[in-house]
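Undergrad: Supplied in structure tokens, the structure appears directly below.
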Amino acid sequence: MRFTPHSQAEITSMLQDIGLNSLDELFSDIPEPLKLKKELNLGQGMSEMSLRRHMTDLSSKNIHTGQYPCFLGAGAYDHYIPAAMEELLSRSEFYTAYTPYQAEISQGILQSIFEYQTMICELTGMEVSNASLYDGATALAEACKMACEATRRNQIILSATLHPSYQAVVKTYAMSGKMDIIIAPEHDGVLDLEQILAMINKQTAAVVVQQPNFYGLIEELEALEKAVHAVNGMLIMSVNPVSLALLRSPGEWGADIAVGEGQPLGNPLNFGGPYLGFMACMKKNIRRLPGRIVGQSVDTNGKRAFVLTLQAREQHIRRERANSNVCSNQALNALAASMYLSLVGKKGLKDIALRCHHLACYARDAFSRQGIQLKHEQPFFMEFAVKVADPPQVNRKLLEEGIIGGYELEDALLFAFTEKRSRSEIDQLVTSVGRINNE
Amino acid sequence: MSKLLFEKNVPGSNAFSLPPCDVPEQDIAIPAKFLRQTEMALPELSEVEVVRHYMALSHQAYGVDDGLYPLGSCTMKYNPKINEWAVRLPGWSCLHPLQAPETVQGALELMYETERMLCEIGGMDAFTLQPAAGAHGEMTGVMIIKAYHQHRKDERRKKILVPDSAHGTNPATAHVMGYQVVEVKSNHRGLVDLDDLQAKMNDEVAGLMLTNPNTLGLFEEDIEDIARIVHEDGGLLYYDGANLNAIMGVARPGDMGFDVVHYNLHKTFSTPHGGGGPGSGPVGVKSFLSDFLPQPVLIKEKDGYRLDEDRPLAIGKIHSFYGNFAVVVKAYAYIKALGSAGIREACQYAVLNANYLRCKLKDYYEIPYDRLCKHEFVATGRWQMEDNGVSTLDIAKRLIDFGYHPPTVYFPLIIKEAMMLEPTETESKQRLDDFIAVMQEIAREAREEPRQVLEAPHNTPVLRVDEVQAARNPVVRYDKS
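Quick note, the sequences are listed as chains X and H, same order. If you're matching positions, the first sequence starts at 1 in the numbering used here and goes up one per residue. If you're matching positions, the second sequence starts at 1001 in the numbering used here and goes up one per residue.
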């Protein structure tokens, strides 16, 4: 299949206008030894019909969450996506547009980002937000960099209850040599408060906490917030956006930077991406925020208009003095997140958060009736771990019964309960886990 | 200008509902101190009003489907619709990233095959699909370079060389990764100055980041010498793949001596830009660097594919999961549709279109390096500026009135009043001819009725926006009060 519209006659006439005789002459500036002497080995081009069949066949080799109920969470969640979203996201004015550098023909995109920023601020209780980053983990890594720059310190304390992939990504970013990462230990699934308080000192740029944490549990942060602020360090919170309809927001905890994975807001699982990292902070740090930011202004007639702003922070202006190299973000996923929040609305998001919590509570009670113990005795939102003897084995058997099981911990399985799960699915999960674990 | 969502609020009008709850709705099992106390001012709207809101916003946006989008270095080619269909297959969209390997063999196969095809196109040995964008790929690539030198205990290398014509992401990436950036000058032909490179290359330099063809659309003809100079002193050569569309199927960065490359799937491989993302910036390396690629690494074994996390020399992870998978699906479908011949043809026609445009515009706009270009070239508004006080920005804004997206402007920085034009291969001769006529007309207006250009755009929902005010007193969220 080709997507080039040229006829042979047009090619000939265009070459003539350029003053060349063949397409090959267009590449006479490439040294002869560097030119490919043979065709690439990519096979023959496929027709649309063949491609359709091929993609259908290939995707059918997977088992997906539309076929089997999914109890996996651990950073990506199987929430319901309203039907209107696919229709609206199919508008090619949105998805085939470039970054809105030309404000006059990009007001629609700019306004949608301004609205997104507003909603992220509302959710997190923070004052300003950027237009999105790659995902939850990279947003966190950028937040850690930002805290180091703001405090002119380089020690970052990560909670051991932070998502392991997020810990790994922050450590990778620390290859810059500009951040020292230390891990604060956990106790019974939550931060060991005594130990982390002892670790905080005048070198601490920031303490990073995930809420709810990787095990789905809710962390007590009051003493921690006071301690890190007492040494003029920052509190960075990585949060689940759906949980914020119910749980105390980063703003209410006194956090300086809030980040998180925006996937639960209307973005399909898509085997891990594209998702979006959201990032918000207080006004005083706006000029340290990485990535794009949309601001409100006026046009020459004094009419309200939106425009990319504070670009002096960014790589294309600041080059080797920029604090972040971010250029592309996840604009379409951020658009999806704001469409989602608009469609479910203020009340809908609360209903969803509550339903997730109620289903998880129901599952907890059902597990305990089966004699299956929770790994941690702590308050949770929509996810918790239960002790099993052989987690991989339980997962394998669950799969045979048509259930996508949990995230495998050393001696436990971490299960997530979204509003899509029903009582009967949970009953089946609990019964099966109980039976398999006793076998 | 549409009202904001928040200005349309009608409390109680949202009718979103969940199915009846079939489990007991107990009290919230969370202590009160952990619960939210403040209200969230999220929208309260009916579905129809939400739909109309976003429809109205879409009418104030401009995509490739609306018309020619000659943004230099951005490769705004047509995004085939079959790819959009393919990515919505539930076998892709409903896959959880942490599912057991035996349940995601199709996805792993697609990723593996994409890696192989990207290797073939670039002449590289191994690829990672984890980076979520071009700049993210650059960061990954520079980390790999750093890890390589560190592994060899070669600790003196604290500098990265970057040409003065480079994309801003190159120096920014090197700086963010803890390197000192040293700029290499361009010569009078717009190419890397070999003497300057030689003078700045030494055993303190970790590598050179280079775009080829460069941001002037010119092929770095001395690339073999450049590679020799960098390698002789122990440095590595990094390929910024922003302009890969100009050579794919014709020549390969791997054959030119590049050790690390990144591609932009959202440029070269036709995945849509999404209004600023998601992109995808896979990174490829020569075999001697493959141990440093981020984990997990995809491995093909007798009984299928798996993700290998046990990589002692790997730089680490750079994404929560495996990168922008759905973007990779679209790029895979694109390469499959084109095949070997189609990939080469896309490149040839991209270069044909750029040279055609260059030849047709050169009597109307200054073209500082008026010779054979690759997929893009740089023109300027210097004549218009000097003769009539009309700037490149004015010309760009006037193009909007005629229904075109402007080119990239004021970049590369080494050219005054630059306009960087990249038509891509998916524009027909008729489209180009229409665009040329408009550019000629704007050049005439600049001479004869400059106000038309100076005050453009005239027909857009808003006129020129005051960027200074936006930056001086940033208002970045709606506030009811």
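We put the CB at the ideal spot given by N, CA and C, even for glycine.
At which residues does the alpha helix (DSSP H) containing Met1111 of chain H begin and terminate?
TA: Residue 1111 of chain H sits at position 111 when you count from the first residue of the second sequence. First-last of the alpha helix (DSSP H) with Met1111 of chain H: Gln1105 to Gly1122.
Undergrad: Counting only beta-carbon separations shorter than 8 angstroms, does Leu1454 of chain H have a partner in chain X?
TA: Here residue 1454 of chain H is taken as the residue at index 454 of the second sequence, counted from 1. It does not; no Cβ of chain X falls within 8 angstroms.
Undergrad: Compute the beta-carbon to beta-carbon distance between Gly1284 of chain H and Gly1122 of chain H, rounded to the nearest angstrom, for a pair I have assumed lies under 8 angstroms.
TA: In the second sequence, counting from the first residue as 1, residue 1284 of chain H sits at position 284. In the second sequence, counting from the first residue as 1, residue 1122 of chain H sits at position 122. Confirmed, about 5 angstroms.
Undergrad: Using a Cβ cut-off of 7 angstroms, which residues of the region 1007-1023 of chain H contact any Cβ in chain X, in chain order?
TA: Those would be Asn1014, Phe1016, Leu1018, Cys1021, Asp1022 and Val1023, in chain order.
Undergrad: Measuring CB to CB, does Asn62 of chain X end up less than 8 angstroms from Leu1095 of chain H?
TA: As a first step, residue 62 of chain X is located in the first sequence; it is residue number 62 there, counting from the start. As a first step, residue 1095 of chain H is located in the second sequence; it is residue number 95 there, counting from the start. Cβ distance < 8 angstroms, so Asn62 of chain X and Leu1095 of chain H count as in contact.
Undergrad: What do you get for Pro1020 of chain H, buried or exposed, if any count of 16 or more other CB atoms within 10 angstroms of its CB means buried?
TA: Along the second sequence, read from residue 1 onward, the residue named residue 1020 of chain H stands at position 20. Looking at its Cβ environment, which holds fewer than 16 other Cβ atoms inside 10 Å, Pro1020 of chain H is exposed.
Undergrad: Which same chain residues end up closer than 7 angstroms to Glu408 of chain X when comparing Cβ atoms and leaving out the 5 residues on each side of it in sequence?
TA: Counted from its first residue, the first sequence places residue 408 of chain X at position 408. For Glu408 of chain X, where only same-chain residues beyond five positions count, the Cβ hits under 7 angstroms are Pro391, Pro392 and Asn395.
Undergrad: Whose CA, out of H:Ala1333, H:Pro1423, H:Val1390 and H:Ala1337, lies closest to the CA of Glu1376 of chain H?
TA: Within the second sequence, numbered from 1, the residue matching residue 1376 of chain H stands at position 376. It is H:Pro1423 whose Cα lies nearest to the Cα of Glu1376 of chain H.
Undergrad: Can you check whether the C-beta of Gly1235 of chain H is within less than 8 angstroms of a C-beta belonging to chain X?
TA: Mapped onto the second sequence, residue 1235 of chain H falls at position 235. Not one chain X Cβ lies under 8 angstroms of Gly1235 of chain H.
Undergrad: In chain H, what lies closer than 7 angstroms to Lys226 of chain X by C-beta?
TA: Indexing the first sequence from 1 puts residue 226 of chain X at position 226. In chain order: nothing, as chain H lies at least about 14 angstroms away.
Undergrad: If we count the other Cβ atoms within 10 Å of its Cβ and call it buried at 16 or more, is Ser106 of chain X buried or exposed?
TA: For the purposes of this step, residue 106 of chain X is taken as residue 106 along the first sequence, with counting starting at 1. Buried.
Undergrad: Measuring CB to CB, does Ala97 of chain X end up less than 8 angstroms from Tyr1062 of chain H?
TA: As a position in the first sequence, residue 97 of chain X is number 97, starting the count at 1. As a position in the second sequence, residue 1062 of chain H is number 62, starting the count at 1. Going by C-beta atoms, Ala97 of chain X is nearer than 8 angstroms to Tyr1062 of chain H.
Undergrad: Name the chain X residues that come within less than 9 angstroms of Thr1103 of chain H, Cβ to Cβ?
TA: In the second sequence, the residue the question calls residue 1103 of chain H occupies position 103. Within chain X, the residues near Thr1103 of chain H are Asn62, Ile63, His64, Tyr68, Leu399 and Ile404.
Undergrad: In the DSSP assignment, what are the bridge partners of His1375 of chain H?
TA: Counting from 1 along the second sequence, the entry for residue 1375 of chain H is found at position 375. Answer is none; His1375 of chain H lacks a bridge partner.
Undergrad: Tell me whether Pro1406 of chain H is buried or exposed, calling it buried when 16 or more other Cβ atoms sit within 10 Å of its Cβ.
TA: Walking along the second sequence from the start, residue 1406 of chain H turns up at place 406. With 16 or more other Cβ atoms within 10 Å, it is buried.
Undergrad: Grab me the residues of Leu341 of chain X's own chain with a C-beta within less than 7 angstroms of its C-beta, minus the 5 sequence neighbours each way, in chain order.
TA: Position 341 of the first sequence holds residue 341 of chain X. Around Leu341 of chain X: Met119, Leu265 and Leu349.
Undergrad: Show which residues of chain C have a CB atom less than 8 angstroms away from the CB atom of Gln1469 of chain H.
TA: Although the question refers to chain C, the structure presented lacks it and instead comprises the protein chains X and H.
Undergrad: Following the continuous alpha helix (DSSP H) through Pro392 of chain X, name the residue where it begins and the one where it ends.
TA: Here residue 392 of chain X is taken as the residue at index 392 of the first sequence, counted from 1. Unbroken alpha helix (DSSP H) run through Pro392 of chain X: Pro391 to Glu400.
Undergrad: What is the DSSP secondary structure of Glu104 of chain X, counted as helix, strand or coil?
TA: As a position in the first sequence, residue 104 of chain X is number 104, starting the count at 1. Residue state, collapsed to three classes: helix.
Undergrad: Please state the DSSP three-state secondary structure of Glu252 of chain X.
TA: Locating residue 252 of chain X in the first sequence gives position 252, counting from the first residue. DSSP places Glu252 of chain X in helix when its eight states are reduced to three.
Undergrad: On the three-state DSSP scale, how would you describe Lys387 of chain X?
TA: Reading the first sequence from its first residue, position 387 is the one you call residue 387 of chain X. Three-state result, Lys387 of chain X: strand.
Undergrad: Along the chain, where does the alpha helix (DSSP H) containing Gln1440 of chain H start, and where does it finish?
TA: The residue given as residue 1440 of chain H occupies position 440 in the second sequence. Here the alpha helix (DSSP H) through Gln1440 of chain H covers Lys1429 to Glu1448.
Undergrad: Under 8 angstroms, Cβ to Cβ, is there at least one residue of chain X near His1151 of chain H?
TA: Within the second sequence, numbered from 1, the residue matching residue 1151 of chain H stands at position 151. No, His1151 of chain H does not count as interfacial toward chain X.
Undergrad: Taking Leu1352 of chain H as the reference, give the member of X:Ile11, X:Phe3 and X:Arg2 with the closest Cα.
TA: Here residue 1352 of chain H refers to the residue found at position 352 when the second sequence is read from its first residue. The shortest Cα separation from Leu1352 of chain H among X:Ile11, X:Phe3 and X:Arg2 belongs to X:Ile11.
Undergrad: For the putative contact between Ile1299 of chain H and Asp1308 of chain H, defined by C-beta atoms under 8 angstroms, what is the C-beta separation to the nearest angstrom?
TA: Numbered from 1 along the second sequence, position 299 holds the residue referred to as residue 1299 of chain H. Numbered from 1 along the second sequence, position 308 holds the residue referred to as residue 1308 of chain H. With 8 angstroms as the limit, Ile1299 of chain H and Asp1308 of chain H qualify as a contact, their Cβ atoms being about 5 angstroms apart.
Undergrad: Go ahead and pull the three-state DSSP assignment for Pro1253 of chain H.
TA: Position 253 of the second sequence, counting from 1, holds the residue named residue 1253 of chain H. Three-state result, Pro1253 of chain H: helix.
Undergrad: When the Cα atoms are used, what is the spatial distance from Gln1452 of chain H to Gly1389 of chain H?
TA: If you number the second sequence from 1, residue 1452 of chain H lands on position 452. If you number the second sequence from 1, residue 1389 of chain H lands on position 389. In a straight line, the C-alpha of Gln1452 of chain H is about 12 angstroms away from that of Gly1389 of chain H.
Undergrad: Can the beta-carbon of Lys171 of chain X be found less than 8 angstroms from the beta-carbon of Cys148 of chain X?
TA: As a working mapping, residue 171 of chain X is identified with position 171 in the first sequence. As a working mapping, residue 148 of chain X is identified with position 148 in the first sequence. The answer is no: Cβ separation not under 8 angstroms.
Undergrad: Ends of the beta strand (DSSP E) at Lys145 of chain X?
TA: Translated into the one-based positions of the first sequence, residue 145 of chain X becomes position 145. Not the beta strand (DSSP E): Lys145 of chain X falls in the alpha helix (DSSP H), residues Gly136 to Thr151.
Undergrad: Are the region 1333-1346 of chain H and the region 32-41 of chain X in contact at 8 angstroms, needing three or more beta carbon pairs?
TA: Because the criterion of three Cβ pairs below 8 angstroms is met, the region 1333-1346 of chain H and the region 32-41 of chain X touch.
Undergrad: Suppose you measure from the CA of Gly302 of chain X to the CA of Val1465 of chain H; what does that come to, to the nearest Å?
TA: As a first step, residue 302 of chain X is located in the first sequence; it is residue number 302 there, counting from the start. As a first step, residue 1465 of chain H is located in the second sequence; it is residue number 465 there, counting from the start. Cα to Cα, Gly302 of chain X sits roughly 9 angstroms from Val1465 of chain H.
Undergrad: Does any CB atom of chain H fall closer than 8 angstroms to the CB of Phe94 of chain X?
TA: On the first sequence, position 94 is the one that residue 94 of chain X refers to. True, the Cβ-Cβ gap to chain H drops below 8 angstroms.
Undergrad: Could you give the uninterrupted runs of the beta strand (DSSP E) lying entirely in the region 1385-1425 of chain H, keeping only those of 3 residues or more?
TA: Segments of the beta strand (DSSP E) lying fully in the region 1385-1425 of chain H: 1418-1421.
Undergrad: By how many angstroms is the C-alpha of Gly1275 of chain H removed from the C-alpha of Ala1029 of chain H?
TA: Translated into the one-based positions of the second sequence, residue 1029 of chain H becomes position 29. Translated into the one-based positions of the second sequence, residue 1275 of chain H becomes position 275. If you take the alpha carbons of Ala1029 of chain H and Gly1275 of chain H, they lie about 42 angstroms apart.
Undergrad: If you drop the 5 nearest sequence neighbours on each side, which residues of the same chain put their C-beta closer than 8 angstroms to that of Glu1044 of chain H?
TA: Within the second sequence, the letter at position 44 stands for residue 1044 of chain H. Cβ within range, chain order: Asn1009, Val1010, Pro1011, Gly1012, Ser1013 and Asn1014.
Undergrad: Counting only beta-carbon atoms, is Phe384 of chain X nearer than 8 angstroms to chain H?
TA: If you number the first sequence from 1, residue 384 of chain X lands on position 384. No, its Cβ sits nowhere closer than 8 angstroms to a Cβ of chain H.
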